[in-house]
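Residue numbers (the numbering used here): 7 to 447. Each residue gets a CB set at the ideal place from its N, CA and C atoms; glycine is no exception.
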């Protein structure tokens with residue numbers, strides 16, 4: 007049985023780049039915000055510094071300008087304590103990084119009038135398109151993120167609909183269930199209970215990057231400050247063939263079960279889904295470092311969530327080519343694929359494909375251990391080159407690796423010379439990937 011003879015990227019490399027997401031947990035609902043570190047790196051780092059030390063926990067929306075014309079809601083300045091509302095201590099001001107327009111749903115930094123480089127801890131959401139105002143004054147107001155989805159925009163608008171009153175914190179402080187003359191209490195404020203990173207969890211990016219996984223699948227989890235080191239698992243991390251559930255004090259749970267950790271970095275953690283996570287539900291994914299929760303997300307678990315190795319580097323125009331090996335271990339390719347020789351598939355030869363998420367095997371576990379022997383996939387796997395079915399000589403785990411499937415497939419005859427669609431079924435269901443393979447007579 008052949009093992010991979012090229013750099014697979016499974017478990018270590020960063021398959022794609024993604025922006026961090028944070029969740030504003032308010033007493034009126036959650037607002038998920040995607041941050042833009044590429045456009046406003048110092049501003050995002052400044053904001054996350056406050057987030058990471060809990061400065062915004064139990065803070066309030068102290069200003070809302072929504073009537074007669076929607077403008078902004080503002081927070082980050084004051085925090086509820088036991089018997090008082092106190093200013094949030096500010097760090098040194100951050101340099102202005104205005105680049106992105108102040109459109110509806112964006113988040114930007116507040117600052118002092120006449121001083122572009124005075125932003126510290128206060129931020130605001132744009133309730134409307136404010137580009138004609140905020141983009142042209144005081145050096146432009148730095149947008150560093152945007153609300154991620156419609157449900158979060160609904161919560162922003164719900165906050166904006168709260169009646170406002172004059173308070174020690176602003177002329178227009180939104181107050182819930184308040185009547186003029188009564189004593190303002192904690193329950194009257196629109197409260198940010200916490201702001202914390204929200205992890206993005208997808209199945210391995212080079213194998214399809216699905217929003218679902220199977221027991222034994224690999225996940226890529228993206229966030230911020232997930233780890234203090236960058237490395238992959240090594241032989242020393244395995245114990246009698248068992249994969250590690252912790253790397254350098256980083257742990258991950260999926261549906262409450264310890265996941266097997268194959269790669270860690272400050273912004274990405276790759277894990278294998280344990281087999282005792284029951285399919286059929288969307289389950290929480292939690293990343294912890296040194297016992298402290300650093301990010302949370304979710305993933306849908308299914309019995310099979312299969313994908314073949316087909317990285318972005320193998321995409322040519324609208325054609326996503328699959329990765330396959332000839333019998334001499336060289337790659338199947340065409341000149342348009344960078345760094346891959348012109349070596350199309352030929353009728354009668356046996357090609358090797360690789361995948362993840364193909365489900366249960368007939369012996370041993372899929373997850374958490376180096377595969378022993380030749381564990382074969384339980385569900386029937388079929389390969390079609392165009393409309394011609396190919397013979398599959400082996401469909402199972404790669405011996406000596408963890409959770410990686412190998413498929414030895416004989417190329418049918420009579421295909422001509424063309425780039426053919428490659429259709430693969432598992433248990434009669436088509437893979438969701440749209441893949442191609444070059445074949446030449």
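Residue i bridges to which residues according to DSSP?
i: residue 430; result: 389
i: residue 115; result: 129
i: residue 321; result: 326
i: residue 155; result: Its beta-bridge partners do not exist; DSSP assigns none.
i: residue 351; result: 445
i: residue 240; result: Residue 240 is not bridged to any residue.
i: residue 35; result: 32
i: residue 148; result: For residue 148, which the question treats as bridged, DSSP gives no partner whatsoever.
What distance in whole Å lies between the Cβ atoms of residue j and residue i, which are believed to be in contact at a cut-off of 8 Å?
i: residue 319; j: residue 344; result: 6 Å
i: residue 63; j: residue 104; result: That pair is no contact at about 28 Å.
i: residue 386; j: residue 433; result: 6 Å
i: residue 409; j: residue 372; result: 6 Å
i: residue 79; j: residue 70; result: 5 Å
i: residue 81; j: residue 198; result: 6 Å
i: residue 227; j: residue 293; result: 6 Å
i: residue 311; j: residue 363; result: 4 Å
i: residue 161; j: residue 34; result: 6 Å
Looking at residue j and residue i, is the spacing between their C-beta atoms short of 8 Å?
i: residue 328; j: residue 428; result: yes
i: residue 106; j: residue 38; result: no
i: residue 229; j: residue 159; result: no
i: residue 416; j: residue 445; result: no
i: residue 309; j: residue 222; result: no
i: residue 196; j: residue 174; result: no
i: residue 264; j: residue 235; result: no
i: residue 145; j: residue 122; result: yes
i: residue 166; j: residue 74; result: no
i: residue 383; j: residue 389; result: no
i: residue 315; j: residue 360; result: yes
i: residue 231; j: residue 108; result: no
i: residue 295; j: residue 442; result: no
Rounded to the nearest angstrom, what separates residue i and residue j at their Cα positions?
i: residue 337; j: residue 163; result: 53 Å
i: residue 32; j: residue 182; result: 13 Å
i: residue 7; j: residue 233; result: For residue 7, the predicted structure reports a pLDDT of 41, less than 50, and the residue's modelled location is therefore unreliable. A value from the coordinates is still provided. Approximately 36 Å between the Cα atoms of the pair.
i: residue 206; j: residue 303; result: 6 Å
i: residue 51; j: residue 115; result: 12 Å
i: residue 268; j: residue 333; result: 29 Å
i: residue 27; j: residue 424; result: 43 Å
i: residue 237; j: residue 249; result: 15 Å
i: residue 281; j: residue 375; result: 11 Å
i: residue 98; j: residue 36; result: 29 Å
i: residue 186; j: residue 172; result: 10 Å
i: residue 129; j: residue 189; result: 27 Å
i: residue 102; j: residue 169; result: 32 Å
i: residue 368; j: residue 42; result: 46 Å
i: residue 157; j: residue 317; result: 32 Å
i: residue 447; j: residue 354; result: 10 Å
Segments of 3+ residues assigned as beta strand (DSSP E) that fall wholly inside the region 55 to 116: Complete beta strand (DSSP E) runs here, min 3: 65 to 71, 78 to 86, 91 to 93, 112 to 115.
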